[in-house]
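J.: Have a look at the structure that comes next, please.
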Amino acid sequence: MAPDARVQAAIDHWGPRFVQAGVDASDFQATTRRIETWDEWLDEWCASGDVHAALAREAQAAGRTLTAGEAWARAAVAYHFAKFVWVLDAERATAASRKAIEALYRAHSLLDPTAERVEAPLDGSYVAANLRRPPDAERPPLVVLIPGLDSTKEEFLQLENVFLARGTATASLDGPGQGETGERLSLRHDYEVAVTALLDELAGRADVDLDRVGAMGVSLGGYYAPRAAAFEPRVKAVAGISGPFNFVQLWEQAPPLSRETFIAKARAGSDEEARRIAERLDLGGVLGGLRQPFLAVTGMLDRLVPWQQTERQAREAPNAEFVLYEDGNHGCANLAYKARPLVADWLREQLA
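When we follow our numbering, the leftmost residue of the sequence shown carries the number 66, and every step to the right adds one.
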């Protein structure tokens, strides 16, 4: 039996993203083959995560810490993708999120002794981030990695590694409406408040150079990152991949899964209320104030954020570069081997 429309849409839109985030390609095929209806999605991906968690525990009991850490990392992304656009049951989605957070914590503890959880106060609550530093580096530059509508810091282990290999520390941030922070704080247009809160919390540290801070976001994070830089002068350079200029212009053509996720993350009571919130996600009148170097990257085959939206970002920012991959999809996930090194190298050079 063929999968239903939502299952097929998730496979079609995001398959390459799963793989570049650390899901084994065979695991992706095996898991999605078991899923016929959307209500089955979360349980089947959690089942795949449980397989890797069991492998991790077995390896750890045998003293094979590297193998255990790698298995925990695979478990984390499986649990994350179980709920990334699955909003049928908030309690079950939150449970999967907690499993992803715990699995990545275990992976970090075995694979990267520098990994550290950071909580930064905001609006009577806090935003959460994972800070990692390149080994043997004294006061490296720092890049804040910003997720999009349905991604979280638990998706960014492999992306972090690209920056760490180039001598750049990373802080993967769950801001309002994202990951565990989204359980407490709703999605909002002025994401700079989260970046400012994080940088305030990190102020005074000697193990990262806060005079050399960059930001990078993907998809809706590619809106958040340049907006944050326009209002937060401590960000010295910024990059985005497949970022929208005006989010509400995408509303009617957005996949139902994405609209439903936006409604949930914004805590909107209706489609109409969500659309009003989406109207505020607009860089018009903002990018003229972005004086820092800005790199905007996208793919011509992006079906979620048309490339012209990202090109307009670059056109309206006074110090921007624009890179368009003719064969790139949303987030250039199918060209991660091109787009990610490009962005990591560019930010490292800007923050030299």
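Quick reminder that beta carbons are idealized off the backbone N, C-alpha and C, glycines included.
Let me confirm a value: Arg82 is counted as buried when at least 16 other C-beta atoms fall within 10 Å, else exposed. Which label applies?
T.: Within the sequence shown, numbered from 1, the residue matching residue 82 stands at position 17. It counts as buried.
J.: For the putative contact between Val425 and Ala295, defined by C-beta atoms under 8 Å, what is the C-beta separation to the nearest angstrom?
T.: Summary: the structure shown does not reach residue 425, with the chain confined to residues 66 through 417, and so no result is reported for it.
J.: Here's the rule: buried if 16 or more other CB atoms are within 10 angstroms of the residue's CB, otherwise exposed. What is Pro205?
T.: For the purposes of this step, residue 205 is identified with residue 140 of the sequence shown, where counting begins at 1. Buried: at least 16 other Cβ atoms inside 10 Å.
J.: Could you tell me which of Val303, Gln373, Phe359 sits nearest to Met365, measuring between CA atoms?
T.: Stepping through the sequence shown from its first residue, residue 365 is reached at position 300. Out of Val303, Gln373, Phe359, Gln373 has the C-alpha closest to the C-alpha of Met365.
J.: Determine whether the beta carbon atoms of Thr422 and Val88 lie at a separation below 7 Å.
T.: Look at the range of the chain in this structure, 66 to 417, and you will see that residue 422 is not part of it.
J.: Quick one: complete beta strand (DSSP E) runs, 3+ long, within the stretch 180-222?
T.: Listed in chain order, the complete beta strand (DSSP E) runs (minimum 3 residues) inside the stretch 180-222 are 181-187, 190-197, 207-211.
J.: What residue from Ala280, Pro212, Leu389 has the CA that sits closest to Gln357's CA?
T.: Sequence index remark: in the sequence shown, residue 357 carries index 292 (1-based). Comparing Cα-Cα distances from Gln357 to each of Ala280, Pro212, Leu389, the minimum goes to Ala280.
J.: Would DSSP call Ile166 helix, strand or coil?
T.: Within the sequence shown, numbered from 1, the residue matching residue 166 stands at position 101. Three-state DSSP puts Ile166 in a helix.
J.: Looking at the unbroken beta strand (DSSP E) that takes in Ala385, where does it start and where does it end?
T.: Sequence index remark: in the sequence shown, residue 385 carries index 320 (1-based). That run of the beta strand (DSSP E) goes 385-390.
J.: What residue range is occupied by the uninterrupted alpha helix (DSSP H) comprising Thr97?
T.: Here residue 97 refers to the residue found at position 32 of the sequence shown. Element bounds for Thr97: 90-98.
J.: Could you work out which residue in Arg182, Glu266, Lys301 is closest to Glu245 when comparing CA atoms only?
T.: Counting from 1 along the sequence shown, the entry for residue 245 is found at position 180. For Glu245, the nearest C-alpha among the options comes from Arg182.
J.: Around the C-beta of Arg270, are 16 or more other C-beta atoms found within 10 angstroms, so that it is buried, or is it exposed?
T.: Within the sequence shown, the letter at position 205 stands for residue 270. It counts as exposed.
J.: Pro199 to Pro383, Cα distance in whole Å?
T.: As a working mapping, residue 199 is identified with position 134 in the sequence shown. As a working mapping, residue 383 is identified with position 318 in the sequence shown. About 32 Å.
J.: So Val150 and Leu322 are in contact, right, with Cβ under 8 Å, and what is the actual spacing, rounded?
T.: Here residue 150 refers to the residue found at position 85 when the sequence shown is read from its first residue. Here residue 322 refers to the residue found at position 257 when the sequence shown is read from its first residue. Correct: roughly 4 Å between the Cβ atoms.
J.: Buried or exposed for Tyr289, please, with buried defined as at least 16 other CB atoms from any protein chain shown within 10 angstroms of its CB.
T.: The count along the sequence shown starts at 1 and reaches residue 289 at position 224. The residue in question, Tyr289, is buried, as its Cβ has 16 or more Cβ neighbours within 10 Å.
J.: My assumption, with CB atoms under 8 Å, is that Thr159 sits in contact with Arg197. Please give the rounded CB distance.
T.: On the sequence shown, position 94 is the one that residue 159 refers to. On the sequence shown, position 132 is the one that residue 197 refers to. Not confirmed; about 25 Å, so no contact.
J.: For Thr363, report the span of its beta strand (DSSP E) as first-last.
T.: As a first step, residue 363 must be located in the sequence shown, where it is residue number 298. Residues 359-364.
J.: Please state whether the Cβ-Cβ distance between Glu220 and His145 is less than 7 Å.
T.: Reading the sequence shown from its first residue, position 155 is the one you call residue 220. Reading the sequence shown from its first residue, position 80 is the one you call residue 145. Taking 7 Å as the Cβ cut-off, Glu220 and His145 qualify as a contacting pair.
J.: Quick check: the Cα distance between Asp239 and Ala112, rounded to an integer number of angstroms?
T.: Translated into positions along the sequence shown, residue 239 becomes position 174. Translated into positions along the sequence shown, residue 112 becomes position 47. Going from the Cα of Asp239 to the Cα of Ala112 covers about 25 Å.
J.: Let me check one thing: in DSSP terms, what residues is Asn226 bridge-paired to?
T.: Translated into positions along the sequence shown, residue 226 becomes position 161. The partner list for Asn226 (beta bridge, DSSP) is empty, contrary to what the question assumes.
J.: How would you write the range of the alpha helix (DSSP H) that Ser113 sits in, first residue to last?
T.: To locate residue 113, count along the sequence shown from 1; it is residue 48. Where Ser113 is concerned, the enclosing alpha helix (DSSP H) stretches over 106-126.
J.: Where does Glu391 land, buried or exposed, given buried means 16+ other C-beta within 10 angstroms?
T.: Within the sequence shown, residue 391 is the residue found at index 326, counting from 1. It is exposed - the Cβ of Glu391 has fewer than 16 other Cβ atoms within 10 Å.
J.: Between the C-alpha atoms of Leu176 and Asp336, what's the straight-line distance to the nearest angstrom?
T.: Against the sequence shown, residue 176 aligns to sequence position 111. Against the sequence shown, residue 336 aligns to sequence position 271. Taking the straight line joining both Cα atoms gives about 43 Å.
J.: Tell me, please, which residues DSSP counts as bridged to Leu238.
T.: Stepping through the sequence shown from its first residue, residue 238 is reached at position 173. According to DSSP, Leu238 bridges with Ala194.
J.: Ordered along the chain, which non-local residues of its own chain (more than five positions away) have a Cβ less than 8 Å from that of Gln314?
T.: Reading the sequence shown from its first residue, position 249 is the one you call residue 314. Contacts found: Gln374.
J.: Determine, using beta-carbon pairs with one atom in the stretch 130-140 and one in the stretch 164-174, whether at least three such pairs fall under 8 Å.
T.: Result yes; three or more Cβ-Cβ pairs closer than 8 Å.
J.: Give every residue of the same chain whose Cβ lies closer than 6 Å to the Cβ of Trp411, excluding the five residues on either side of it in the sequence, and list them in chain order.
T.: Within the sequence shown, the letter at position 346 stands for residue 411. Cβ within range, chain order: Leu360.
J.: Rounded to whole angstroms, what is the Cα-Cα separation between Gln85 and Ser190?
T.: Within the sequence shown, the letter at position 20 stands for residue 85. Within the sequence shown, the letter at position 125 stands for residue 190. Taking the straight line joining both Cα atoms gives about 32 Å.
J.: Rounded to whole angstroms, what is the Cα-Cα separation between Ala70 and Leu131?
T.: As a position in the sequence shown, residue 70 is number 5, starting the count at 1. As a position in the sequence shown, residue 131 is number 66, starting the count at 1. If I take the Cα positions, the gap works out to 39 Å.
J.: So, at 6 Å on beta carbons, what are the nonlocal neighbours of Val283 in its own chain, with the 5 sequence-adjacent residues on each side left out?
T.: Counting from one through the sequence shown, the residue named residue 283 turns up at place 218. Answer for Val283: Gly213, Ile306, Gly396, listed in chain order.
J.: To which residues does DSSP link Asn311 through a beta bridge?
T.: Position 246 of the sequence shown, counting from 1, holds the residue named residue 311. According to DSSP, Asn311 bridges with Asp347.
J.: Kindly identify the DSSP beta-bridge partner or partners of Met66.
T.: Within the sequence shown, numbered from 1, the residue matching residue 66 stands at position 1. According to DSSP, which records beta bridges pairwise, Met66 is partnered with nothing at all.
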